[in-house]
Structure formats: structure tokens, C-alpha cells
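Throughout the sequence shown, residue numbering follows the working numbering, covering 42 to 564 in sequence.
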Amino acid sequence: MQRRPWLSHTVIIIVILASIAVEMCFYKKIFHRSAQRKVVDYVQSQPQQAQLVTNPGTVEPGQYLSGLYYSNWSPYSPRMHFPHDIDLSRVSHIYYAFFLVDGATGALKLGDEWSDVGMDLYKPMAIKLNKLNPEVKNDLERQRRILPNGCLGELFYMRNANLFPNRNIRDFKVIMCVGGWSNREEFPKMVRNPKRVDKFIDSCIETMFKYGFDGIDLDWEFPEDDGFEPQMYLQLAKRLKERMNELEDAIFGPNMNHPKFQLSMATPAFSEKLDILPITEMDKYIDIWNMMTYDYHGEWSEKTGYHCNLYNGSTKSFDETHQKHIYSTESVEGLDAHSAIEHMLNVAGVNSHKICLGMAAYGRGFTNVVAQSTDKRFIDKPFHGVGGASDGEPGMWLYNQLPIQGTHELFDPDYVSGFCYSSTSKTFVGYDSVESVRFKAQYVREKNLAGGFWWESCGDDHANQSRSLLNAFTNEIKFVSKFDDLMYRQTPVLRYYVNKFGNDAFLSPFILNLLAGQGEAPH
Ligand SMILES: *[C@@H]1O[C@H](CO)[C@@H](O)[C@H](O)[C@H]1NC(C)=O
Ligand SMILES: *[C@@H]1O[C@H](CO)[C@@H](O)[C@H](O)[C@H]1NC(C)=O
């Protein structure tokens with residue numbers, strides 16, 4: 042008798058817990074199903090576009106890289122941006138963000154399992170690709186059952202399926218980005234424990250290969266100047282590159298001419314952070330330096346400023362006919378892309394062919410800017426608040442939300458930045474525009490840089506060709522690098538994959554099918 046109240050409490054608690062658990066599963070299902078439905082509705086409502094097949098003649102195999110960071114939060118509302126929305130004929134690299142470090146173990150984990158490898162994108166992809174080329178329908182339908190899921194599955198499919206013969210859209214690399222701003226606190230924990238570092242290296246290489254990536258992009262934001270963390274960053278780069286080479290040897294055998302996994306680094310682009318990194322040493326292992334030449338001003342700044350300016354304003358005259366230079370009064374040294382590039386070239390001694398210029402498919406803004414109506418420029422002004430149309434990110438507007446309604450898009454040639462200013466709300470936003478991006482493409486060519494890239498794809502205007510930053514840049518550089526020796530098109534790589542991971546791993550059914558198509562008996 043005494044125990045009954047206790048028992049009934051336990052029963053109640055168990056019932057409550059069980060119902061919570063059931064509800065959570067249910068919620069997840071409903072949520073995912075409705076998200077899926079939204080995706081299909083969204084794609085169906087999109088106007089007919091001919092992105093993948095436009096101007097195939099203007100972009101030819103050649104010299105410059107054109108990279109896009111694609112985030113695994115892009116598929117969610119309100120962004121609703123998918124890999125199949127991108128004009129892949131204009132892209133050499135998709136940098137897939139992010140895979141996350143677990144500081145407690147060193148292991149790498151998926152950033153968003155549903156988005157990365159879970160959601161079934163067959164329908165929206167079929168609708169979209171069918172609009173572009175009706176012949177793809179059969180190809181896609183035939184492979185329906187073996188298509189890998191999620192954004193990663195879609196990317197793998199799109200660069201392996203021969204959807205557009207002669208149109209050269211599939212020869213791009215997909216790179217696994219590790220870390221990022223939200224993961225910044227895990228790196229210091231991981232690097233302080235040798236076992237976790239070992240785990241991290243193993244996990245990076247294994248995950249990269251398992252999900253069909255052509256390489257790794259390191260993004261530790263940012264090592265502290267403590268004499269230890271910068272050296273550990275160097276160690277990570279060294280060990281990852283060595284392990285990539287070992288994997289290549291294991292696949293292809295030693296001393297063979299074969300494609301290589303790429304190691305790149307999302308590199309801080311202001312002197313305070315650049316100075317502390319052993320760039321010259323790291324350069325032995327890093328293939329591409331992706332310079333994060335943006336975020337120079339934002340909500341943290343004392344005064345307004347451009348956030349992705351190429352110059353600091355003192356390099357060019359504003360108006361030749363009036364012979365008048367307008368200098369910025371409060372420029373902070375080094376808060377411009379050109380300074381960072383010069384540092385890489387002249388101080389660190391990096392070859393220009395390994396440096397990629399970062400561009401921003403978003404703006405950073407300021408509200409209640411103290412400015413005169415006669416002002417031509419709205420930087421170095423006091424402000425109050427930052428506004429922003431991008432949820433949860435103060436002061437940020439995606440490029441495709443700009444210019445702010447009721448304003449005009451303007452261009453500042455001294456700093457090389459687009460901007461808009463609303464005199465009614467006293468809001469100023471600096472961002473990369475078609476004009477600034479064209480200018481930056483010329484800079485890339487003049488400086489013999491590797492190319493350019495954007496953070497991040499979902500901000501660009503993929504629906505309007507004359508607004509698209511990707512279009513503007515690639516039209517200007519003319520030659521986007523393409524790779525005819527991609528890893529996962531090599532039979533030894535495919536064979537190694539199924540031998541290592543078995544027939545049920547993420548890409549195995551698709552890869553077995555590719556092998557069968559090459560006349561290889563399934564394993
Ligand atoms: C602006 O850039 C020029 C050219 O790189 C440089 O010489 C000058 O010191 C910079 N000024 C400031 C304030 O950063
Ligand atoms: C595309 O962008 C151009 C240039 O900004 C603009 O004039 C045009 O109205 C846009 N078209 C659509 C369909 O939004």
C-alpha cells in the first residue's frame with residue numbers, strides 16, 4: 042500500500058516521458074514532411090529559367106577559379122536555396138559548409154544530418170533539371186532508387202551524371218568545410234589533447250572520402266596569438282595534407298600521375314589575425330588560400346564603413362574631372378582586401394596563383410546614420426543600430442534583398458564597393474554589387490590571383506542573370522577552371538570506395554551503378 046503512490050508517480054512520469062518522445066518523433070516527421078512539401082511547391086512556383094545552359098560559349102575551360110560557399114542551412118525557409126539552383130557551368134568549386142569538430146573527442150560530425158544527407162531532393166531536382174533539359178528525366182528516373190540523399194547526394198549526382206553532354210557543367214570540385222564561426226570554441230579544446238588531434242585527422246580524412254569530397258577547407262576562426270594555437274594550425278594542415286597523399290597512394294599506388302585531394306584554408310584577411318599565422322610554413326601544405334576579404338565593418342564598429350571594400354579609399358581619385366581626391370578620415374589600416382592580398386604576396390611570400398579573393402553575397406548595414414543629404418559617401422559616420430533583413434544576424438542583408446526598397450544601388454570606385462542609402466530610414470548598407478564584382482574580377486586578372494569565391498551562395502540572385510554576381514564575375518574573368526580528372530570519376534577511386542565502406546555506405550549504391558556502367562562486376 043505504501044508503495045502505490047510512488048508507483049503511480051513513476052507511471053505518470055513514464056507516460057509523460059513516453060508521450061514527449063513520441064511527440065518529438067512525430068514532430069520531426071511532420072516537420073520534415075512539410076519542409077519537403079515546401080521545397081517542391083517552391084521549385085514548382087519558380088519561373089522557368091535556363092541557368093545551367095546559358096551562354097555556354099562565354100565560359101570556357103581555362104585559368105580562374107570561381108568558388109561558392111554553400112551552407113547546409115540554405116535549404117530552409119526563407120532562403121530555400123538548393124544546389125540545383127546554381128549555374129554550375131560557372132563554378133569551379135562548391136565549398137560545402139559546415140562539418141563540425143567535437144572538441145571533447147576530436148571527431149568530426151555532420152552539421153545538419155537532414156540537410157546534408159537526409160532529405161529526398163529527387164522531386165525538386167527532377168522538376169528543375171527537367172525544365173532545363175527534358176532528356177534528363179529518364180536518366181534521373183532510372184537512378185531514382187540509388188540516388189544519395191541530401192544536398193551532398195544532389196551535388197554528387199549532378200557532377201557524375203552526364204546530364205548535359207558538351208556543356209561542361211559537371212567538372213567542379215566539392216570541398217568539405219570544417220569549422221566556421223559557430224564552431225570556433227571547439228578547436229582550442231581539440232588541439233590541446235594529442236589523442237583528440239589524432240582523432241580529428243582520422244575523422245577528417247574518413248569523412249571527406251565517405252561523402253564524396255574532393256578535399257578539405259579548414260576554417261578555424263581564429264587561433265589565438267598564444268604561441269601554441271597558430272603552431273597547431275600548421276600541424277593540422279601538415280598532417281591533413283600528408284594523410285591525403287597517403288590515401289592517394291593507397292588508391293592509385295605510389296608514383297602515379299593521379300588527381301589530388303585539395304587542402305584549402307578560409308583565411309582571415311585583416312592584419313591582426315594574419316600576422317600571427319605561420320603562413321609561409323603552412324603554404325607548403327595549403328593548395329588554395331581563400332581570403333575572407335569581407336566583414337571589415339559591422340555592428341561591432343565605432344563608425345559606419347564598407348565591409349567588403351577592395352581598397353581603403355586612398356588609392357584612387359574619386360572624380361578625375363574635378364581633380365579632387367576624397368580621403369577617408371578614419372580609415373583603420375588594413376581594413377581592405379588589397380592590404381590582405383599584399384600581405385600574402387609580399388610578407389608571407391605566397392604565390393599569387395594560390396590566392397583566391399573573397400567576395401560577399403550579403404551586405405552589412407547601419408541605421409540612424411548621422412549624415413547630410415548632400416553626402417556622397419556614408420562611411421565614417423556615427424550610427425545607432427544596424428537593422429538587417431536576415432533573421433538572427435544583426436546588420437546583415439542578403440544581396441538578393443538589396444538595394445533596400447526605395448533606394449538606388451550606388452558604387453564607390455575609390456573603395457570598390459556597392460552601397461545603398463535610405464534617407465528616410467537613414468540606413469546605409471555596403472555590399473558587393475555587379476559593378477564591384479566586375480572590378481574585382483579585373484583585379485584578380487591583373488594580380489594573377491587564383492580566382493574568386495563568395496560567402497555564400499544563398500545570397501546571390503540566381504534567378505536574374507543581369508543581377509547575378511556569379512554571372513558578372515565569370516563574364517569578366519572569361520575562363521573558369523574545369524577539372525577533367527575529378528577523383529570520383531576515376532575507376533580506382535570508385536573501387537576503393539566500395540571495398541572500404543561496403544555496399545551500403547552513403548554513396549555505394551550509386552557508385553556500384555557507375556562501376557557496373559563501366560563494365561565492372563559489382564563487388
Ligand atoms: C591605404 O592603402 C594604401 C595602398 O595599399 C596604403 O599605402 C595606405 O597606407 C593605406 N592607408 C591606410 C590608412 O590604411
Ligand atoms: C533583373 O535585374 C535587372 C537589373 O537589375 C532589372 O532591371 C530587372 O527588372 C530584373 N528582372 C527581374 C525579372 O527581376
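A virtual CB, placed ideally from N, CA and C, is assigned to each residue, including glycine.
All of these numbers come straight from a predicted model, not from anything done at the bench.
* For residue 142, name the three-state secondary structure that DSSP assigns. => strand
* Local Cβ density within 10 Å of residue 348, reported as buried at 16 or more and exposed below that -> buried
* Where does the unbroken beta strand (DSSP E) through residue 538 begin, and where does it stop? -> Note, residue 538: premise wrong, no beta strand (DSSP E); alpha helix (DSSP H) at 532–542.
* Asked: Is any heavy atom of ligand 1 found at a distance shorter than 8 Å from the C-beta of residue 313?
  -> no
* To do: With a threshold of 16 other CB atoms inside 10 Å of the CB of residue 303, please say whether the residue is buried or exposed.
  => buried
* **Own chain partners of residue 333 with C-beta closer than 8 Å, once the 5 adjacent residues on each side are dropped** => 307, 308, 309, 310, 399, 496
* To do: Using only the heavy atoms of ligand 2, determine whether one of them is closer than 8 Å to the beta carbon of residue 504.
  => yes
* May I ask whether a heavy atom of ligand 1 can be found less than 8 Å away from the beta carbon of residue 352? => yes
* Asked: Cβ-heavy atom distance between residue 384 and ligand 1 below 8 Å?
  -> no
* Which listed residue (423, 427, 470, 422) has its alpha carbon closest to that of residue 441 -> 470
* Can we count residue 355 as close to ligand 1, meaning its CB is less than 8 Å from some heavy atom? -> yes
* Asked: Mind checking whether residue 182 and residue 167 have CB atoms under 9 Å apart?
  -> yes
* Extent of the continuous beta strand (DSSP E) to which residue 172 belongs -> Note, residue 172: premise wrong, no beta strand (DSSP E); alpha helix (DSSP H) at 163–173.
* With a CB to CB cut of under 8 Å and the five nearest residues on each side skipped, what residues in its chain are close to residue 147? -> 231, 234, 236, 237, 238, 239, 240, 241, 244
* Asked: Do residue 477 and ligand 2 come close, with the Cβ less than 8 Å from some heavy atom?
  -> no
* **Heavy atom of ligand 3 within 8 Å of residue 432 beta-carbon** => This structure lacks ligand 3; the ligands present are ligand 1 and ligand 2.
* Asked: Should residue 108 be labelled buried (16 or more other beta-carbon atoms within 10 Å of its own) or exposed?
  -> buried
* Between which two residues does the alpha helix (DSSP H) harbouring residue 568 extend? -> The shown model of the chain, from 42 to 564, leaves out residue 568, and the question about it has no answer.
* **beta strand (DSSP E) segment containing residue 565, residue limits** => The question about residue 565 has no answer here: the residues shown for the chain are numbered 42 through 564.
* Asked: For residue 521 versus residue 106, is the C-beta spacing smaller than 9 Å?
  -> yes
* To do: At 4 residues or longer, and completely inside the segment 182–241: list those alpha helix (DSSP H) runs for me, N to C.
  => 191–201, 227–232
* **Secondary structure of residue 286, DSSP reduced to three states** => helix
* Are the segment 184–202 and the segment 542–551 touching by the rule of at least three beta carbon pairs closer than 8 Å? -> yes
* Do you know whose CA, among 534, 478, 526, lies nearest residue 508's CA? -> 478
* Asked: Excluding the five sequence neighbours on either side, which residues of its own chain have a C-beta within less than 8 Å of the C-beta of residue 222, listed in chain order?
  -> 262
* Taking residue 499 and residue 112 to be in contact with their CB atoms under 8 Å, please state how far apart those CB atoms are, rounded to whole angstroms. => 7 Å
* Asked: Any heavy atom of ligand 1 closer than 8 Å to the Cβ of residue 377?
  -> yes
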